[in-house]
Every structure is written in C-alpha cells, then in structure tokens.
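Before any comments, here is the structure.
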Amino acid sequence: MLKKLKQRWNITSNYQAIIILIVFAITGSLSAYLSKPFLSFLGITKGTVNIYLYYFLYIFLVLPIYKVLLFIIGSIFGQQVFFANFIKKMLLRMKLNFIAKALDKFC
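Sequential numbering of the sequence shown, starting at 41, is according to the working numbering.
Structure (structure tokens):
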C-alpha cells in the first residue's frame, strides 16, 4: 500500500510518506475540531439554525480551514512543496483557479 502511495505522490522515501500521512491525520482532526467553536463564535449552533443548515455550514467551513491547516502543518513538518502542490490540485478540481494562482505566488 505504501508503495502505491509513494508512486502516486511521486515521492521516494518511506519516511516522507509516513510524515505526509501523519500531517493528513493531524490536519483532518484539527480542522474538524476547530470548525465547531468557530461556528459557535458566529452564533451558529444546532439549536439556533436548522440541523441541515448547521451541517452544511460546518462542512463548508471545514474545507477552507483544512486547506490552510494542511499548508501550515505540512510546512512545519518540512513538506511545504508537497502540500502546496496537493492543495493546488484540490483547488483546480474545485474550479478555484484564482486561489491556486495566488498560492503559486506565495510559494
């Protein structure tokens, strides 16, 4: 399994693959954890809005938080280039080309 990931991500080191997987795990958990307090800060709770709207807003908020955290945490772990390219691919698939171009200027 690790061999296929290394090939797909165009990396050669098992160490780098493990670091990348750790970054994904930390980022996913942290973005989900941080989204709820942010919604509460905005006054959006399960009791104040429709439950479907709440979860829509929650998921809508998790996505940008995830991308920002992925870049920050990936940079901390020394994988800035990998995660910048990964985020650019995600943004291009989401038709957010203008953000991907801004990321090019930043990196």
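Virtual Cβ for every residue (Gly too), placed ideally from N, Cα, C.
- Task: Report the rounded CA-to-CA distance for Y98 versus F117, giving the unit in angstroms.
- Result: Numbered from its first residue, the sequence shown carries residue 98 at position 58. Numbered from its first residue, the sequence shown carries residue 117 at position 77. Using only the alpha carbons, I get a separation of about 27 Å.
- Query: Are I113 and I58 closer than 7 Å when you measure CB to CB?
  - Reply: On the sequence shown, residue 113 is found 73 positions in, with the first residue counted as 1. On the sequence shown, residue 58 is found 18 positions in, with the first residue counted as 1. Cβ atoms of I113 and I58: not closer than 7 Å.
- Query: Measuring CA to CA, which of L42, L82, P104 is closest to I60?
  - Reply: One-based indexing of the sequence shown puts residue 60 at position 20. Of the listed residues, the one whose Cα sits closest to I60 is L42.
- Query: Can you list, in chain order, the residues of its chain whose CB lies under 8 Å from that of Y40, leaving out five sequence neighbours each side?
  - Reply: Lying before the first or after the last residue shown, residue 40 is absent from the chain, which here runs from 41 to 147.
- Message: Just to confirm the assignment, what range does the alpha helix (DSSP H) spanning N125 have?
- Response: For this step, residue 125 is matched to residue 85 along the sequence shown. Segment 120 to 133, the alpha helix (DSSP H) holding N125.
- If you draw a straight line from the C-alpha of K46 to the C-alpha of F122, how long is it? Numbered from its first residue, the sequence shown carries residue 46 at position 6. Numbered from its first residue, the sequence shown carries residue 122 at position 82. Each residue's Cα considered, the two are about 12 Å apart.
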